[in-house]
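Just below is one structure, and these are the notes that go with it.
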Amino acid sequence: MPPLTTTTSFDLDGVTLHFLSDGRFRLDGGAMFGVVPRVLWERVAPADPEHRIDLGLRPLLIRSGGKNVLVDTGLGGKWDEKGVSMYAIDRRETLLSSLAAAGLAPSDVDVVVLTHLHFDHAGGATLRNARGDVVPTFPRARHVIQRREWEEARDRSHLRRASYRPEDFLPLEAAGLVDLVEGVVEVAQGVETVVTGGHTEAHQAVRVRSGGRTAVYWGDLIPTTHHVPHPWIMGYDVLPAQTYAAKRRFEEEALAGGWLCLWDHDPATPASYLVRGEDGRIRATSAV
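Counting in our numbering, the sequence shown runs from 85 upward without gaps.
Structure below.
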């Protein structure tokens with residue numbers, strides 16, 4: 085197993101990108117790669133005896149225009165023994181410890197952008213306090229969520245309802261910290277949401293532009309470097325054809341523009357640039 089992810093930073097012409105960590109976990113390899121045959125995906129992501137593969141939990145801290153913007157929050161710590169075992173949760177590193185290593189307390193975060201509300205992205209947005217109450221982790225932050233994603237997460241008849249845990253996001257609403265948005269929204273200077281769909285109907289990525297350079301946090305549109313090939317799509321995606329189309333479009337833009345690509349679940353590589361090989365296929369090359 086590769087070492088746990090440590091905090092890494094990039095300067096994007098005055099905007100600082102800090103890779104944080106909420107540890108690691110494991111999910112079923114077949115679900116992570118959908119229709120891709122196991123004989124192919126297991127070459128790049130070996131499975132354990134329970135058919136699970138190792139995944140990172142890498143929220144992103146963006147410092148731009150005097151604002152501290154956090155993108156996604158990992159799994160958080162509200163898990164019982166059964167959940168820890170089921171997902172092989174390893175939180176020797178946590179979001180709050182890596183945030184502290186970047187010099188910030190939870191109250192210093194101004195904005196939290198949630199790419200979507202699945203438990204491995206929104207879990208750390210709330211925590212259980214000393215009294216046992218579930219409360220917001222970032223008490224000053226506005227939490228930016230696509231309106232349609234919010235509606236899906238609250239729908240207990242939804243196809244992927246098991247991926248949504250109400251305790252991860254309803255306390256944010258109770259505290260008046262939720263900003264429901266539709267489409268592209270600038271949350272800080274040069275930092276904007278981009279709706280991709282695919283993984284969920286209103287899944288959003290985050291794009292950062294500064295000084296003629298661009299970085300993009302893909303969220304679960306492209307969760308690891310191994311998902312760069314267009315057909316390598318998660319079985320979890322509710323709209324896989326939409327994922328395929330979005331990947332084709334955005335990867336071409338990233339390739340042409342030299343975008344720095346940031347991966348939330350890759351266990352070894354936090355950032356890459358895309359390159360086109362002699363065979364015409366787009367691949368990721370490490371930027372760290």
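Beta carbons are placed, not taken as given, at the ideal position from N, Cα and C, and that holds for glycine.
Only a predicted model underlies this, so the values are computations on that prediction, with no experimental measurement involved.
{"Query": "Is the beta carbon of Trp343 less than 9 Å from the beta carbon of Val278?", "Result": "no"}
{"Query": "Only counting runs of 4 or more residues, tell me where the alpha helix (DSSP H) segments fall wholly within the stretch 203-232, in order along the chain.", "Result": "203-206"}
{"Query": "In the DSSP assignment, the beta strand (DSSP E) including Thr327 goes from what residue to what residue?", "Result": "It is not in any beta strand (DSSP E) - Thr327 instead sits in the alpha helix (DSSP H) that spans Pro324 to Gly341."}
{"Query": "Give me the residue from Pro143, His102 and Ala131 with the minimum Cα distance to Gly114.", "Result": "Ala131"}
{"Query": "Would you report the Cα separation of Val228 and Trp347, rounded to the nearest angstrom?", "Result": "20 Å"}
{"Query": "Return helix, strand or coil for Thr309, following the three-state DSSP convention.", "Result": "helix"}
{"Query": "Quickly, what does DSSP pair Val292 with across the bridge? List them, please.", "Result": "Val275 and Ala299"}
{"Query": "Runs of 3 residues minimum, wholly inside the stretch 241-285: which ones carry the beta strand (DSSP E) assignment?", "Result": "262-265, 270-272 and 275-279"}
{"Query": "Helix, strand or coil for Ala131, going by three-state DSSP, please let me know.", "Result": "coil"}
{"Query": "With distance defined between alpha-carbon atoms, name the residue in Thr92, Glu285 and Val193 nearest to Glu233.", "Result": "Glu285"}
{"Query": "Relative to the alpha-carbon of Thr353, which residue among Val219, His311 and Gly150 has its alpha-carbon at the smallest distance?", "Result": "His311"}
{"Query": "Any chance the stretch 179-187 sits against the stretch 121-139, with 3 or more Cβ pairs inside 8 Å?", "Result": "no"}
{"Query": "Compute the Euclidean distance between the alpha carbons of Leu256 and Gly361, then round it to the nearest angstrom.", "Result": "45 Å"}
{"Query": "May I ask you to list the residues that DSSP assigns as paired with Ala371?", "Result": "DSSP output for Ala371 lists no bridge partner at all."}
{"Query": "Going by the DSSP bridge assignment, what does Glu171 pair with across the sheet?", "Result": "Note on residue identity: the sequence assigns Tyr, not Glu, to residue 171. Tyr171 is not bridged to any residue."}
{"Query": "By DSSP's criteria, Ala355 is part of a beta bridge. Which residues make up the other side?", "Result": "Leu346"}
{"Query": "For Thr90 and Gly207, I'd like the C-alpha separation in whole angstroms.", "Result": "Annotation note: pLDDT 47 at Thr90 (below 50); position unreliable, coordinate value reported separately. Their Cα atoms are separated by approximately 20 Å."}
{"Query": "According to the Cβ coordinates, are Gly267 and Leu323 closer than 9 Å?", "Result": "no"}
{"Query": "Specify the secondary structure class of Asp97 as computed by DSSP and reduced to three states.", "Result": "coil"}
{"Query": "Within the continuous beta strand (DSSP E) that includes Gly113, where are the two ends?", "Result": "Looking at the DSSP string, Gly113 is not in any beta strand (DSSP E); the run it does join, the alpha helix (DSSP H), is Gly113 to Phe117."}
{"Query": "When you compare the stretch 152-170 with the stretch 202-222, are there three or more beta-carbon pairs, one atom per stretch, that lie closer than 8 Å?", "Result": "yes"}
{"Query": "Mark Asn32 as exposed unless 16 or more other C-beta atoms lie within 10 angstroms of its C-beta, in which case mark it buried.", "Result": "Because residue 32 is not part of the residues shown, which for the chain are 85 to 372, the question remains open."}
{"Query": "When burial is assigned at 16 or more other CB atoms within 10 Å of the CB, is Glu335 buried or exposed?", "Result": "buried"}
{"Query": "For a test of the three-state rule: what should DSSP assign to Ala159, helix, strand or coil?", "Result": "With the sequence shown as reference, residue 159 is identified as Leu, and Ala is not the correct amino acid for it. Leu159 falls in the coil class under three-state DSSP."}
{"Query": "Work out the CA separation of Ile317 and Pro121 for me, nearest whole Å.", "Result": "12 Å"}
{"Query": "Where does Ser191 sit, in a helix, a strand or coil, going by DSSP?", "Result": "helix"}
{"Query": "Looking at Thr210: is its Cβ nearer than 9 Å to the Cβ of Val218?", "Result": "yes"}
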